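Numbered by this note's numbering, the letters in the sequence shown go through residues 16 to 464 in order. Ideal Cβ positions, reconstructed from N, Cα and C, are used throughout, including at glycine. Here the structure is a predicted model, which is why all the values come from computation and not from measurement.
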Amino acid sequence: METRFSALDRSSLLKELSDETWDVLVIGGGITGAGIALDAQSRGMRTTLIEMQDFAAGTSSRSTKLVHGGLRYLKQFEVKMVAEVGRERAVVYENGPHVTTPEWMLLPIYKGGTFGKLSTSIGLAVYDRLAGVKLGERRRMLGVEAALSKEPLLKKEGLKGGGYYVEYRTDDARLTIEVMKKAAELGAKAANYVKAEELLYENGRICGVRAADVIGGRSCVIKARHIVNAAGPWVDGIRELDGSRQGKTLRLTKGIHLVFDGSRFPLRQAVYFDTPDGRMMFAIPRGGKTYVGTTDTDYDGDAAAPKMTEADRKYVVEAAAAMFPSLGLTEADVESSWAGLRPLIYEEGKSPSEVSRRDEVFRSDSGLLTIAGGKLTGYRRMAETVTDMLAAELGRESGRKYPKCRTKDIPLSGGDVGGSSGFPGFREQSEAMGRMQGLSGPAAALVAG
């Protein structure tokens, strides 16, 4: 049954949430929660989701806006994660070509830098193989002149060449919304500005939540056979409500990005580069702007409102100025910024950049399932892991056999255009229709995506 995804239905939606007993209740409306709602609903589980802010308001709207495989994790020998997440890039692209665009990335190689020419060539070749990269997007190695022709602003001193490979650019918040919309099309119910304030139990087993309607000021009880905590930076807060915040816990780290006007920072080519302290950073041209990031520092402030500090700004500007010295960038050139949090699994003795981005699932004695960690790119596999567990438990309880995950082949909302190969034709047709309706060529192209 198709469900309309609209705030106009809010009152009736909240009543339905209270009136029904659901198979699955997901707490958290970021990309992970949305992915779980889609997977669970697509397998026939009656699913609902609540989010205390707007959908994607937290980490899922504050990333580097890339669906990428994490090349740098090869250095940390995270081979399995690189392979899985690398392959997922292609899945996200095929299911949502309207919100995912191939982006050639230049990795400049410098004398004494993090990556040497041989290690870069080998690393990118391994990356291609692990991620199953299609032939036309496999890595190329560039000499000095070729690297500078791609991006003339690069620092020339010590430049030895570069690696050239494909990542995928996205709008992280829109990607989350398209996943949520698809879940709703299949029958899932999702409500934002609904905050879980109390967990409810029967015979020691979690059976629902008492939630506050942040907009209307009312309270409602939502009952479910299984509850998933996918609250991102707030998962430990939900675990505290459950009395199960023990063992492994979250480590929140903050990443900020700075935005420069394209006239001041006229970058031609997305670049993944070394910082003076040995970390890696992205500089990406987009929509007449160039954004640069990110940092990786521990954070213990308000999870709902992380902000850039003067130290953050200084660090990123100095890194960008060192890589693109001819620009003479200063902090006065920064036009805007954004800050987001990574809900990582705490690991003793590791710096923020060294902590693994792997996801983990915790099950409490009450039956609460919590998923933490992970990356935007791997959201679908994370959802599959959790939903497999839900299918097994619901199957044992009801005797029903749930199908295997099929989200690998489910186009996202708005993305049913024949995959990446069909998208160019879809755009051409949409542009033609726009012009027939009286739009100018540029306006028609913009509307067509």
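Classification of residue i by the beta-carbon crowding that lies within 10 angstroms, buried from 16 upward
i, result
"Thr345", "exposed"
"Asp317", "exposed"
"Asp315", "exposed"
"Glu166", "buried"
"Ser27", "exposed"
"Ile386", "buried"
"Val97", "buried"
"Ala203", "buried"
"Glu446", "buried"
"Glu412", "exposed"
"Met16", "Summary for Met16: the model assigns pLDDT 47, below 50, so the residue's position carries little reliability; its value from the coordinates is reported in the next sentence. By the neighbour-count rule (16 or more Cβ atoms within 10 Å), Met16 is not buried but exposed."
"Glu457", "For the sequence presented, residue 457 should be read as Pro rather than Glu. Exposed: under 16 other Cβ atoms inside 10 Å."
"Gly247", "buried"
"Asp34", "exposed"
"Asn207", "buried"
"Ala205", "buried"
"Val331", "buried"
"Tyr361", "exposed"
"Ile237", "buried"
"Leu461", "exposed"
"Tyr216", "exposed"
"Ser455", "exposed"
Under 8 Å between C-beta atoms of residue i and residue j
i, j, result
"Val181", "Glu118", "yes"
"Gly389", "Asp403", "no"
"Leu5", "Phe339", "The structure shown does not extend to residue 5, since the chain is modelled only from 16 to 464, so the question has no answer here."
"Thr422", "Leu53", "yes"
"Ala239", "Asp38", "yes"
"Thr185", "Lys80", "yes"
"Ala334", "Thr290", "yes"
"Lys126", "Gly173", "yes"
"Ile425", "Lys197", "yes"
"Glu152", "Ser435", "no"
"Asp257", "Ser381", "yes"
"Gly270", "Thr324", "no"
"Gly355", "Arg77", "yes"
"Tyr179", "Arg155", "yes"
"Tyr376", "Val401", "Reading the sequence as shown, one finds Val at residue 376 and not Tyr. Result yes, Cβ atoms of Val376 and Val401 sit closer than 8 Å."
"Leu273", "Arg328", "yes"
"Leu383", "Ser234", "no"
"Val250", "Leu267", "no"
Alpha helix (DSSP H) segment containing residue i, residue limits
i, result
"Asp38", "Taken as a continuous stretch (DSSP letters only), Asp38 belongs to no alpha helix (DSSP H), being part of the beta strand (DSSP E) at Thr36 to Ile42."
"Met397", "Tyr394 to Ser413"
"Lys329", "Glu325 to Met338"
"Gly48", "Ile46 to Ser57"
"Leu169", "From DSSP, Leu169 is part of no alpha helix (DSSP H); its letter is neither H nor E."
"Lys165", "Val159 to Lys165"
"Leu190", "Asp187 to Glu200"
"Val250", "Val250 to Asp257"
Boundaries of the beta strand (DSSP E) in which residue i is found, first to last residue
i, result
"Ala441", "Looking at the sequence shown, residue 441 is not Ala but Phe. That residue, Phe441, is in no beta strand (DSSP E); its alpha helix (DSSP H) goes Gly434 to Met451."
"Asp276", "Leu265 to Asp276"
"Arg144", "It is not in any beta strand (DSSP E) - Arg144 instead sits in the alpha helix (DSSP H) that spans Lys132 to Ala146."
"Ile499", "The question about residue 499 has no answer here: the residues shown for the chain are numbered 16 through 464."
"Arg378", "Asp374 to Arg378"
"Ile221", "Arg220 to Asp228"
"Ser428", "No beta strand (DSSP E) holds Ser428; DSSP gives it neither H nor E."
"Leu384", "Leu384 to Gly388"
"Cys420", "Counting along the chain, Cys420 falls outside any beta strand (DSSP E), and DSSP gives it neither H nor E."
Closer than 7 Å: residue i CB and nearest the ligand GTP heavy atom
i, result
"Arg254", "Of ligands this structure carries none, so the ligand GTP is not represented either."
Proximity winner among the options, relative to residue i (alpha-carbon distances)
i, options, result
"Thr129", "Arg294, Leu273, Pro340 and Arg283", "Arg294"
"Val224", "Thr400, Gly355 and Ile242", "Ile242"
"Ala49", "Arg301, Leu391 and Pro439", "Leu391"
"Gly429", "Pro418, Ala407 and Phe441", "Phe441"
"Gly393", "Ile237, Lys175, Lys95 and Asp292", "Lys95"
"Glu408", "Gly433, Arg378 and Glu217", "Arg378"
"Leu29", "Ser78, Ile230 and Phe288", "Ile230"
"Met120", "Ala55, Ile221 and Tyr287", "Tyr287"
"Gly176", "Ser134, Lys263, Val82 and Pro439", "Ser134"
"Arg395", "Tyr417, Gly410 and Leu427", "Leu427"
"Val106", "Ala146, Ile237, Asp228 and Gln56", "Ala146"
"Met60", "Tyr417, Pro358 and Met448", "Tyr417"
"Ala398", "Asp24, Leu454 and Ala55", "Ala55"
"His113", "Pro439, Met448, Ser455 and Leu122", "Pro439"
"Glu200", "Phe20, Gln452 and Lys419", "Phe20"
"Leu122", "Ser352, Leu265, Asn218 and Ala298", "Ala298"
"Asp187", "Arg220, Thr116 and Val141", "Thr116"
"Ala336", "Pro321, Arg279 and Arg58", "Arg279"
"Ser341", "Ile137, Lys171 and Gly410", "Lys171"
C-beta neighbour in chain C for residue i, strict 8 Å
i, result
"Ala188", "The structure shown contains no chain C, having only a single protein chain."
*Should the stretch 96–103 be regarded as contacting the stretch 158–175, the criterion being three or more beta carbon pairs within less than 8 Å?*
With fewer than three CB-CB distances shorter than 8 Å, the stretch 96–103 does not count as touching the stretch 158–175.
*Touch check for the stretch 57–70 and the stretch 208–225: three-plus C-beta pairs under 8 Å?*
yes
_Cβ contact check for the stretch 43–51 and the stretch 72–84: 3 or more pairs under 8 Å_ = yes
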